[in-house]
Structures are given as structure tokens and as C-alpha cells.
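Protein chains in written order, with the working numbering: chain X, 1 to 216; chain L, 1001 to 1216. Beta carbons are placed, not taken as given, at the ideal position from N, Cα and C, and that holds for glycine. Here's the structure, in C-alpha cells; my notes come after.
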């Protein structure tokens, strides 16, 4: 049976809508009070796993899920060995450098050597500042990165920004965009090549549906 | 001003109760709908930061918080450079090896070399299996580790267990306890030595209160 890994959080609802449009119904995951981590689609064709966004590529890489939906930010940060199949278009956001609005910094290159930059995306942050030849100290946080400049722990942050409301509420201003991110369809490379569980048919349906609906 | 880092999640309520008993009132964090990440205590003596449990020792290590409350499991896994001051007694749980109840395994040493073990606590897991001289492949997950054996991704998991309900619901059985964990009081080493912001007085109050209430 085809298994699809779905990300908890901001991409879940649209991921489930997209799968429903190709006949795979995992809307049970959206029912309030539903705490199930796995669910068989109503047609019995596929199983859905609801996991943390970061874990989606892990299940796909190990082949426990043949397909997965996850933000490009996770793929860029973790570089899992999965096949990247399609940009699904929804869940748009960007990974950006931000600083306190009153800091006086105009661009990332204005930051001092050895200053602290807090982020949950340490690999992307490291690569970016290396490309600028700026030796910053990266502080790995698990969340609420906006507290970095507020508490004085870090001069800057590198964080995902979607509407920008969180930055504004915390008097932070965006300096640079490292990259833009959207939801992506990924597959286990071997399953994709051998067309396990009728995978290619589902992939084609998902690709054409996301194009038709203007999602990508 | 004294700054205290408090952990979101299961330890938050008791941490705030303990601080209230020594006259530092951060109960505002518990009000429904309160999304503040920092709060000044009603007496104006201290500031509270509400952060992810994993981030508590980061704020304390960098000195942005002089004090913090966090589970021993986080300290054991991350080994931050902070002063361990007191076992506060609440938030008891254990880090355990578990397998599918029908797997036939009786103890961790029965697991095969190169089998997969899923965990969010990869350092503790690695140390434990190295001590058994068992070369397992550790799969790093961010959450819902119980899906490992269910999906067939891993033979075993290493996960925090408090009541054991999650294991039972997922037909998993506990084989070994790696260690027991409770909430701990930690401090920034330098602030502690120089008694910054009347730190030692608050620490003594917290220690004696947690002893009086039988928490430790």
C-alpha cells in the first residue's frame, strides 16, 4: 500500500486538500480532537502518516513512506536523500536575516565579525554567512527565535517569515532573503524508479492538479 | 534585573507555581490566549522568558537568563555549560528503550547489530548503545517516535516515558530505563559566582521551598 508522509503544522490543511483532489482522503487528520498519527484513506488505497515537518523526509528517505509533502526549507536545511518531484506552490514563506529595527544595520554585510546570529536553521545560516565571508557565531534555538535580539543574546536572527507579522510585533526588520520556500512533493528514490504501489500515477495526478488549481 | 528562563510544555505550570511561592509571579504566562514570550514579575524584581525546553539552557549558558528551570533529560542530552543547582522534584519521567510488544525482545542486548533505533535524544541513545557495545543505527526524529516500530522504520525507540500510556496505546513495551529525569534549577555559572541581582537569595528560597513542599 502507498504511504504518504504529511507534515503537522502550517502545511497540513493544504496538503490534505491536494491529496483529496486526487482521491486520497485523509481529512480525518483535520477533525478536532483527532490524535491519530496514521490513517488509511477511505478508498483503502493509501496510508497517511502525520509527522513533524522535519520528520517527513526521514520517513521518505528510509522508504517507510513512498511519498511526502514538506517545505523546501526543511529539504534545504537537512539535505535528505529523497527525489524532489514537484513544487506544489502553497505554503509560501522565506528564510530571512532580521535585526532589531533600531539597530541601524542596513544589510547583512554590516554585521560585525563574531556577532551572534540565532536560528533554528543552522546549516542554511552557516552557508549564507560563509558566502559573505563573515565569521558569525551561530546560536541554535529550537523556536521563538525573535527573542534573540530582544534579550540581547544575538544581534541578528535567521528565521522563516511568511506574513512578517511576528517580526513587526517584535520590532524586528528584515534585511535579506536567503531563499524562498514552498511545499514540495518528494519521493523515496527507489520506489519512484520501480513505480511501487502505482506511485507514478498518483504523482502525475498531484502534479497536474496543483498546476490546474494554480497552486504551482 | 534577574531573568529566569521557563520551559514551555509539561514543566511550565509547576515551574510557575514554585516561583510564585518565593514571590516571583509569572502566572500571566498561564492565562489562556497569552502569547507573550517575556513578562515582568508583578513585584518588578524579575523578568521571565517562556521558551522551548531545549532553549532554556541556551539562554542560561549565554547569560541572557541568570536562572532557568529545565528537565534533566535536556541537560543530559545537550550537556550545556551551566551550573546545576537543585533537583526540584517535579516533572518525573524516564528515558527508556521500548520495542513492539510482540517483538519477542526481552532486553536491549537482544537487539541485533545494525538494527535501527529511533529517538529524539540521539546523544543519550548513542552513549547507551555504545556502553552495551551494540552498533545500532540511530534515526533522529523530532517527535512521535512511537511511529518508528509501527511503520517498521525502526526495531526499537528510545523515548521519554512518564505514565506509559503512549507506549500502551501503540502496543509498545518498555525494555530498559537509561535514566530518570526531573525538573532542575540551573544558573549561569558566572552570575552564580558573583551573586548577580541577588541571585543566591532567590536560589536559597527555591531550594528550601521545593524541600518543604516535598517536591524534591
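Worksheet item: When you compare only the Cα positions, how much space is there between residue 14/X and residue 90/X?
Response: Rounded to the nearest whole angstrom, the CA to CA distance from residue 14/X to residue 90/X is 7 Å.
Item to complete: In angstroms with no decimal places, state the Cα-to-Cα distance between residue 37/X and residue 63/X.
Response: Linking residue 37/X to residue 63/X through their CA atoms gives a straight-line distance of about 17 Å.
Worksheet item: To which residues does DSSP link residue 179/X through a beta bridge?
Response: Per DSSP, 95/X.
Item to complete: Please classify residue 31/X: does DSSP put it in a helix, a strand, or coil?
Response: In this structure, residue 31/X counts as coil in the three-state DSSP scheme.
Worksheet item: Cα separation between residue 70/X and residue 185/X?
Response: Linking residue 70/X to residue 185/X through their CA atoms gives a straight-line distance of about 7 Å.
Fill in: Inter-residue Cα distance where the pair is residue 216/X and residue 206/X
Its pLDDT being 46, under 50, residue 216/X is placed unreliably by the model, and the measurement read from it follows with that caveat. The C-alpha of residue 206/X is placed about 11 Å away from the C-alpha of residue 216/X.
Fill in: Interface residues of chain L facing residue 139/X [CB-CB closer than 9 Å]
The contact set of residue 139/X on chain L, defined by CB atoms closer than 9 Å, consists of 1058 and 1062 in chain order.
Item to complete: Along the beta strand (DSSP E) that carries residue 1040/L, what are the first and last residues, could you check?
Response: First-last of the beta strand (DSSP E) with residue 1040/L: 1038 to 1040.
Discussion item. When you compare the CB positions of residue 1179/L and residue 1095/L, do they come within less than 8 Å of one another, or not?
Written reply: Annotated as proximal: residue 1179/L and residue 1095/L, with beta-carbon spacing under 8 Å.
Worksheet item: So with Cβ pairs under 8 Å, would you call residue 1051/L a contact of chain X?
Response: Interface residue, yes.
Discussion item. Which same chain residues end up closer than 7 Å to residue 1101/L when comparing Cβ atoms and leaving out the 5 residues on each side of it in sequence?
Written reply: In chain order, 1171, 1172 and 1173 place their CB closer than 7 Å to the CB of residue 1101/L, counting only its own chain and leaving out the 5 sequence neighbours on each side.
Item to complete: Check each residue of the segment 1120 to 1153 of chain L: if its Cβ is closer than 8 Å to any Cβ of chain X, include it; give the result in chain order.
Response: Listed by position along the chain: 1139, 1140, 1141, 1142, 1143, 1144, 1146, 1147, 1150, 1151, 1152 and 1153.
Worksheet entry | Beta-ladder partner(s) of residue 160/X, from DSSP | In the DSSP assignment, the residues bridged to residue 160/X are 95/X.
Worksheet item: Is there at least one Cβ from chain L nearer than 8 Å to residue 55/X's Cβ?
Response: So, interface residue.
Discussion item. Which complete alpha helix (DSSP H) runs does the segment 1059 to 1115 of chain L hold, if anything under 4 residues is left out?
Written reply: Runs of the alpha helix (DSSP H) lying entirely within the segment 1059 to 1115 of chain L and spanning at least 4 residues, in chain order: 1072 to 1078.
Worksheet item: Terminal residues of the continuous alpha helix (DSSP H) containing residue 1148/L?
Response: The continuous alpha helix (DSSP H) containing residue 1148/L extends over residues 1147 to 1151.
Item to complete: Counting only the same chain and skipping the five closest in sequence on each side, list residues whose C-beta sits under 6 Å from that of residue 74/X.
Response: Sequence-distant Cβ neighbours of residue 74/X in its own chain, meaning closer than 6 Å and more than five residues away, are 53 and 54.
Worksheet item: So what does DSSP say about residue 135/X, is it helix, strand or coil?
Response: DSSP, reduced to helix, strand and coil, places residue 135/X outside both helices and strands of the structure shown, so it counts as coil.
Worksheet item: Can you name the residues of chain L whose CB is closer than 7 Å to the CB of residue 37/X?
Response: Near residue 37/X (Cβ distances below 7 Å), the residues of chain L are 1144 and 1147.
Worksheet item: Name the DSSP beta bridge partners of residue 188/X, please?
Response: Paired residues: none, contrary to the question.
Fill in: C-beta contact flag for residue 1151/L and residue 1138/L at 8 Å
No.
Worksheet item: If you compare alpha carbons, which of 1059/L, 1032/L and 1017/L is closest to residue 1041/L?
Response: Nearest option by C-alpha distance: 1017/L.
Worksheet item: Would you say residue 141/X and residue 109/X are within 8 Å of each other, going by their C-beta atoms?
Response: Their beta carbons are not under 8 Å apart, which means residue 141/X does not touch residue 109/X by this criterion.
Discussion item. Quick check on the burial criterion: 16 or more other C-beta atoms within 10 angstroms. Buried or exposed for residue 153/X?
Written reply: By the neighbour-count rule (16 or more Cβ atoms within 10 Å), residue 153/X is buried.
Worksheet item: In this structure, what does DSSP give as the bridge partners for residue 1165/L?
Response: In the DSSP output, where bridge partners are listed per residue, residue 1165/L has none listed.
Item to complete: Check residue 1010/L in the structure and name its three-state DSSP category.
Response: Coil, per DSSP.
Worksheet entry | Alpha carbon of residue 27/X to alpha carbon of residue 2/X, nearest angstrom | Cα to Cα, residue 27/X sits roughly 17 Å from residue 2/X.
Item to complete: With a 10 Å radius around its C-beta and 16 neighbouring C-beta atoms as the bar for buried, classify residue 1077/L as buried or exposed.
Response: Counting Cβ neighbours within 10 Å, residue 1077/L comes out buried, since at least 16 surround it.
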